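Asker: My structure is below; once you've seen it, I'll send some questions.
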Amino acid sequence: MNRENSRRSDFKKGLDASESRRRRTETTICIRKNKKDEGIAKRRAMAVVPPSDTTIAMNDSHADKSPSTADTNSNKVFTVADIPALMLKLSHNNIDEATLRYVATGFRKILSVETNPPVNEVLASGILPAFVQMLQLNDKPKVQFEAAWALTNIASTSETKAIVDAGAVQHLTQLLSSPDAEVREQSAWCLGNIAGDSSTLRDAVLTTGAMQPLLQNIVHPANESLFDNCVWALSNFCRGKPQPRLNLVSPAVPILAEVLKSNKVGAKTDALWALSYISDGADERIQSVIDGEGILEALIDLLGENSGIVTPALRTVGNIVSGSDEQTQAVIDAGLMPKMKGLLNNSKRTICKEACWVLSNIAAGTHQQIGLVLKTKGCMGRVVEMAISSEWEVRKEAIWVVSNVATGGTDKQIMSAVEVGAIDAVCSVLNINDAKMLLVALDAVDSILKLGMKLGKDYHSFVDECDGLTMIEALQEHESDEVYKKAVHIIETYFGAEDEVDDENLAPTANGSTFSFGIPQKDLDEDECPTSLHNNSQPMATFNFAAI
1 MNRENSRRSD FKKGLDASES RRRRTETTIC IRKNKKDEGI AKRRAMAVVP
51 PSDTTIAMND SHADKSPSTA DTNSNKVFTV ADIPALMLKL SHNNIDEATL
101 RYVATGFRKI LSVETNPPVN EVLASGILPA FVQMLQLNDK PKVQFEAAWA
151 LTNIASTSET KAIVDAGAVQ HLTQLLSSPD AEVREQSAWC LGNIAGDSST
201 LRDAVLTTGA MQPLLQNIVH PANESLFDNC VWALSNFCRG KPQPRLNLVS
251 PAVPILAEVL KSNKVGAKTD ALWALSYISD GADERIQSVI DGEGILEALI
301 DLLGENSGIV TPALRTVGNI VSGSDEQTQA VIDAGLMPKM KGLLNNSKRT
351 ICKEACWVLS NIAAGTHQQI GLVLKTKGCM GRVVEMAISS EWEVRKEAIW
401 VVSNVATGGT DKQIMSAVEV GAIDAVCSVL NINDAKMLLV ALDAVDSILK
451 LGMKLGKDYH SFVDECDGLT MIEALQEHES DEVYKKAVHI IETYFGAEDE
501 VDDENLAPTA NGSTFSFGIP QKDLDEDECP TSLHNNSQPM ATFNFAAI
């Protein structure tokens, strides 16, 4: 990102100026298959079946039930042992609807066990092409529903690609427009699982045109369950790295804005995650979210909710403030800053970390924005506390806040940061092994000491008092050339005079009949005025003791 204001170039030597405003790092797995902070990437539709050798009993729950809680067949228990018999029924000519439904239900029940579903055995039977054909039986919605349910559970495993390879995606997309609400919901569920597997399979879903009919089901839901599952599927449509093309997901933004107005916590949480995925990246992606009517105001309001909602809301806000100064200002104008104190004092570590990340990007903005970080009650002092004593992941983000203020602020702003403990904060991490964070801290020290030298303030003593000088001296031996050079620069520039040995500690050296102390004196030419020595601050340095 090219920024008009290059003021940071005068301060930032160890790090590139553009790094002061940071995008989210991509060190985590992009498409998650397990339940984590970001929710569930895949969901399995469970059946209620009595225990047997290969199946176990389970209760339906909000997250683990199909759109229809009643089994479409009897209470018969199906196991892997029934697979040959089920396949045999498909070998006959002119199979009636009841038989198709029986077979689809049988396989669905086999796949609906809670742990270790026998997906490999099911795939080995060769049933997938039959499932794909069942999806196309528009006059038999109950068969379509059972086939989609079975495919949903296969898609919840590591064998998702088999469904795509079998050609099921385009038919599932078409079923999003089925006149049967249960079929639409189960198809959305299956597509959500497929999209949640990987960015490649997500794109395979999006390129079939699944987005628009999915959005229609959110705008005009037949029931709450359909609404919830479609919003969840939408979050997976937007998820993953490499990110989907913006033109494929941007139509979802106004719909997501409407979801945020609902009173359904689960749907709002999924919508927020979708917005966080869309806004994670270039400024044009951020702008697409900002342009959603009412989204910024809704985000700010939701920052005061429970942690399940706060986390994705704060993540989205963090993405926005990692954009341009104008985009950062937009979320500030929506009322962000008064919320920050509460977020910084949240009991959940991840929220404190995200809050510091947000502040660090605001502190990488204009002088006015840096001023807001300093002026917002309870912010900067709390950041300094966390930089010194919190867990490392939080400390690291807090150090970025302090460093961005110290390297990008005005003289007065840097002085304000020092007054609340900025020097203690940045010096507290000078003994870590992270070379990049060492440079971030050293840049802050350098900028603060530079200001102290300019204004005649004794900031270098503050550094020494908190053992900063000792640690900087040790960094002269650091394996990173950048860290070494930065440490040497700081010592030579701001502490060089203190490294000289005092004159009184020098032993006298004999020179003929005289002893010399201190700095050796040069011989005077005959035409030089000896009074020049007396005008020098150094005392006469040679004495003749021979005559004594």
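Read in order, the letters of the sequence shown correspond to residues 1 to 548 in UniProt numbering. We put the beta carbon where it would ideally sit given N, CA and C, even for glycine. It should be emphasised that the depicted structure is a prediction, and the values quoted were computed from it without experimental measurement.
1) Kindly give me the distance between the Cβ atoms of G323 and I300, rounded to whole angstroms, as I take these residues to be in contact under 8 Å.
2) Could I get the ranges of all uninterrupted alpha helix (DSSP H) runs contained in the UniProt repeat "ARM" (167–209), with 4 residues as the minimum, in chain order?
3) From the DSSP output, in three-state form, read off A507 for me.
4) What is the rounded straight-line gap between the Cα of I423 and the Cα of G452?
5) Please return the same chain residues whose Cβ sits closer than 6 Å to the Cβ of V132, not counting the five positions on each side in sequence.
6) Report back the beta-carbon spacing between I370 and Q327 to the nearest angstrom; my notes put them in contact at under 8 Å.
7) Using the Cβ count rule (16 or more neighbours within 10 Å means buried), how would you classify Q368?
8) Which word fits V265, buried or exposed, when buried means at least 16 other C-beta atoms lie within 10 angstroms of its C-beta?
9) Pick helix, strand or coil for I127, following the three-state DSSP scheme.
10) What is the residue span of the alpha helix (DSSP H) that D301 lies within?
11) Taking L359 as the reference, which of I332, A282, R349 and S347 has the closest Cα?
12) Counting C-beta neighbours from all protein chains within 10 Å, is the total for T316 16 or more, i.e. buried, or is it exposed?
13) If you follow the alpha helix (DSSP H) that P141 is part of, which residue opens it and which one closes it?
14) Please state the DSSP three-state secondary structure of P84.
15) Between the C-alpha atoms of E97 and A257, what's the straight-line distance to the nearest angstrom?
16) Rounded to whole angstroms, what is the Cα-Cα separation between I448 and S480?
17) Tell me the rounded alpha-carbon separation between P213 and N229.
18) Would E224 be called buried (16 or more neighbouring beta carbons within 10 Å of its own) or exposed?
19) Here's the rule I'm using: 16 or more other beta-carbon atoms within 10 Å means buried, otherwise exposed. How should L151 be labelled?
20) Counting only the same chain and skipping the five closest in sequence on each side, list residues whose C-beta sits under 6 Å from that of A274.
21) Who are the near neighbours of G126 in its chain, counting only those whose CB is closer than 8 Å to its CB and skipping five residues on each side?
22) Can you give me the start and stop residues for the alpha helix (DSSP H) that I218 sits inside?
23) Whole angstroms is fine: what's the gap from N361's alpha carbon to V253's?
24) Under 8 Å by Cβ, that's how I've got I309 and T350 pegged, so tell me the actual separation to the nearest angstrom.
25) What's the C-alpha gap between E473 and I491?
26) What is the DSSP secondary structure of G335, reduced to helix, strand or coil?
27) Give, in chain order, every unbroken run of the alpha helix (DSSP H) that is at least 4 residues long and sits entirely within the stretch 367–416.
28) Would M1 be called buried (16 or more neighbouring beta carbons within 10 Å of its own) or exposed?
29) Which first and last residues belong to the alpha helix (DSSP H) in which N223 is found?
30) Measuring alpha carbon to alpha carbon, tell me which residue in G196, S288, N346 and K140 is nearest N306.
31) Which class does R101 belong to by DSSP, given the choice of helix, strand or coil?
32) What is the rounded straight-line gap between the Cα of D458 and the Cα of S276?
33) Return the chain-ordered ranges of every alpha helix (DSSP H) run that is complete within the stretch 227–283 and spans a minimum of 4 residues.
34) Quick check on E526: does DSSP put it in helix, strand or coil?
35) To the nearest angstrom, how far is the alpha carbon of I320 from that of G281?
Answerer: The relevant details are as follows:
1) Numbered from 1 along the sequence shown, position 323 holds the residue referred to as residue 323. Numbered from 1 along the sequence shown, position 300 holds the residue referred to as residue 300. The Cβ separation is near 16 Å, so there is no contact.
2) For the UniProt repeat "ARM" (167–209), whole alpha helix (DSSP H) runs of length 4 or above, ordered along the chain, are 168–175, 181–195 and 199–206.
3) Here residue 507 refers to the residue found at position 507 when the sequence shown is read from its first residue. The predicted position of A507 is uncertain, since its pLDDT is 45 and thus under 50; a value taken from the coordinates is nonetheless stated next. Per DSSP, reduced to three states, the secondary structure at A507 is coil, with no helix or strand assignment.
4) The residue you call residue 423 lines up with position 423 of the sequence shown. The residue you call residue 452 lines up with position 452 of the sequence shown. Answer to the nearest angstrom: the Cα atoms are 12 Å apart.
5) Residue 132 sits at position 132 when you count from the first residue of the sequence shown. The answer, listed in chain order, is A166, G167 and A168.
6) On the sequence shown, position 370 is the one that residue 370 refers to. On the sequence shown, position 327 is the one that residue 327 refers to. With a contact defined as Cβ atoms closer than 8 Å, I370 and Q327 miss out at about 16 Å.
7) Position 368 of the sequence shown holds residue 368. A residue is called buried once 16 or more other Cβ atoms fall within 10 Å of its Cβ, and Q368, having fewer, is exposed.
8) For the purposes of this step, residue 265 is taken as the residue at position 265 of the sequence shown. Around the beta carbon of V265, a 10 Å sphere encloses fewer than 16 other beta carbons of the protein chains shown; the residue is thus reported as exposed.
9) What you label residue 127 is simply residue 127 of the sequence shown in a count that begins at 1. Note: I127 maps to coil in three-state DSSP.
10) As a first step, residue 301 is located in the sequence shown; it is residue number 301 there, counting from the start. Following the DSSP letters along the chain, one finds D301 inside the alpha helix (DSSP H) bounded by residues I295 to L302.
11) On the sequence shown, residue 359 is found 359 positions in, with the first residue counted as 1. The option with the nearest alpha carbon to L359 is I332.
12) Numbered from 1 along the sequence shown, position 316 holds the residue referred to as residue 316. By the neighbour-count criterion, in which a residue is buried when 16 or more other Cβ atoms sit within 10 angstroms of its Cβ, T316 is buried.
13) Here residue 141 refers to the residue found at position 141 when the sequence shown is read from its first residue. Counting along the chain, the alpha helix (DSSP H) containing P141 begins and ends at P141 to A155.
14) Taking the first residue of the sequence shown as position 1, residue 84 is located at position 84. In the three-state DSSP reduction, P84 falls in the helix class (H, G or I).
15) Along the sequence shown, read from residue 1 onward, the residue named residue 97 stands at position 97. Along the sequence shown, read from residue 1 onward, the residue named residue 257 stands at position 257. Rounded to whole angstroms, E97 to A257 spans 42 Å at the Cα level.
16) Working through the sequence shown from its first residue, we reach residue 448 at position 448. Working through the sequence shown from its first residue, we reach residue 480 at position 480. Whole-angstrom Cα-Cα distance: 23 Å.
17) By one-based count along the sequence shown, residue 213 stands at place 213. By one-based count along the sequence shown, residue 229 stands at place 229. Using only the alpha carbons, I get a separation of about 14 Å.
18) In the sequence shown, residue 224 corresponds to position 224, counting from 1. It is exposed - the Cβ of E224 has fewer than 16 other Cβ atoms within 10 Å.
19) Taking the first residue of the sequence shown as position 1, residue 151 is located at position 151. A residue is called buried once 16 or more other Cβ atoms fall within 10 Å of its Cβ, and L151 is buried on that count.
20) Within the sequence shown, numbered from 1, the residue matching residue 274 stands at position 274. Excluding residues within five positions, the ones whose Cβ falls inside 6 Å are L234, S235, C238 and L256.
21) Within the sequence shown, the letter at position 126 stands for residue 126. For G126, where only same-chain residues beyond five positions count, the Cβ hits under 8 Å are M87.
22) Translated into the one-based positions of the sequence shown, residue 218 becomes position 218. Looking at the DSSP string, the run of the alpha helix (DSSP H) that includes I218 is M211 to V219.
23) Indexing the sequence shown from 1 puts residue 361 at position 361. Indexing the sequence shown from 1 puts residue 253 at position 253. Each residue's Cα considered, the two are about 24 Å apart.
24) Your numbering for residue 309 matches position 309 in the sequence shown. Your numbering for residue 350 matches position 350 in the sequence shown. Contact flag wrong, Cβ pair sits at about 13 Å.
25) The count along the sequence shown starts at 1 and reaches residue 473 at position 473. The count along the sequence shown starts at 1 and reaches residue 491 at position 491. Going by the C-alpha atoms only, they are around 7 Å apart.
26) Within the sequence shown, the letter at position 335 stands for residue 335. In the three-state reduction of the DSSP assignment, G335 falls in the coil class, being assigned neither a helical nor a strand state.
27) Fully enclosed alpha helix (DSSP H) runs of 4 or longer: 367–375, 380–389 and 392–408.
28) Taking the sequence shown and counting its residues from 1, the one referred to as residue 1 is at position 1. With a pLDDT of 42 at M1, under the threshold of 50, the predicted position of this residue should be treated as unreliable, though the coordinate-derived value follows. By the neighbour-count rule (16 or more Cβ atoms within 10 Å), M1 is not buried but exposed.
29) For the purposes of this step, residue 223 is identified with residue 223 of the sequence shown, where counting begins at 1. No alpha helix (DSSP H) holds N223; DSSP gives it neither H nor E.
30) Here residue 306 refers to the residue found at position 306 of the sequence shown. Taking only the C-alpha atoms, the option nearest N306 is N346.
31) Against the sequence shown, residue 101 aligns to sequence position 101. Three-state DSSP puts R101 in a helix.
32) Against the sequence shown, residue 458 aligns to sequence position 458. Against the sequence shown, residue 276 aligns to sequence position 276. When rounded, the separation of the alpha-carbon atoms in D458 and S276 is 45 Å.
33) Runs of the alpha helix (DSSP H) inside the stretch 227–283: 246–249, 252–259 and 265–279.
34) On the sequence shown, residue 526 is found 526 positions in, with the first residue counted as 1. Only weak support is given to the placement of E526: the predicted model assigns it a pLDDT of 40, under 50, and the value that follows is read from those uncertain coordinates. Per DSSP, reduced to three states, the secondary structure at E526 is coil, with no helix or strand assignment.
35) What you label residue 320 is simply residue 320 of the sequence shown in a count that begins at 1. What you label residue 281 is simply residue 281 of the sequence shown in a count that begins at 1. I320 and G281 have their C-alpha atoms some 9 Å from each other.
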